[in-house]
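Asker: Have a look at this one.
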């Protein structure tokens, strides 16, 4: 439970290299995510080329952390699934595992949304030369946090309902 409570969006990073074994641990966690019908639709692109990170940082206003992070992981998915109905749930699950394992590895991370926004998906696919049968789902900027940002406590009892729907 503590990893969940420690996770936060980090947008400022130190100019410090992320060790390859930490990236491997993060990717192993991503592969452990649950998926509908166990399709495991994901593959991953690790981006450490500063020119590519700078290009990716321009896909949206919220993508700025990519210009200052050390590495990014881009989960991509196959468009030719037998059961594509739960692709958002499947890919969100593996993206969440990446974020949580980043915390476990002592890193900061932020989720940059790509799919299903056509402009972001197209740009990301073009920048990373992603094949036609695949789509980028998200981009996770990774690095060592610059400074310290307090974790926001979000639990709100007033939003918890039991046994009935609130009108």
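Numbering (the numbering used here), first residue to last: 3 to 169. Glycine is no exception: its CB is placed at the ideal position from the N, C-alpha and C atoms. On a predicted model such as this, the values are computed, not experimentally measured, just so you know.
Output the distance between the C-alpha atoms of residue 74 and residue 116, rounded to the nearest integer angstrom.
Answerer: 13 Å
Asker: Just mark residue 49 as buried or exposed, buried being the case when its beta carbon has 16 or more other beta carbons within 10 Å.
Answerer: Residue 49 should be labelled buried.
Asker: By Cβ distance below 6 Å, which residues in the same chain neighbour residue 69 in space, the five residues on each side in sequence not counted?
Answerer: Counting only Cβ-Cβ distances below 6 Å, and skipping sequence neighbours, we find 56, 59.
Asker: If you follow the beta strand (DSSP E) that residue 140 is part of, which residue opens it and which one closes it?
Answerer: Start and end: 140-145.
Asker: Here's the rule: buried if 16 or more other CB atoms are within 10 angstroms of the residue's CB, otherwise exposed. What is residue 165?
Answerer: exposed
Asker: Under the assumption that residue 31 contacts residue 99 (Cβ atoms under 8 Å), give the Cβ distance between them as a whole number of angstroms.
Answerer: 5 Å
Asker: Decide if residue 149 is buried, meaning its Cβ has at least 16 other Cβ atoms within 10 Å, or exposed.
Answerer: With fewer than 16 neighbouring CB atoms inside 10 Å of its own CB, residue 149 falls in the exposed class.
Asker: Using three-state DSSP, classify residue 88 as helix, strand or coil.
Answerer: helix
Asker: Would DSSP call residue 35 helix, strand or coil?
Answerer: In the structure shown, residue 35 sits in coil (DSSP, three-state: anything other than H, G, I, E or B).
Asker: Is it the case that the Cβ atoms of residue 96 and residue 35 are separated by a distance below 8 Å?
Answerer: yes
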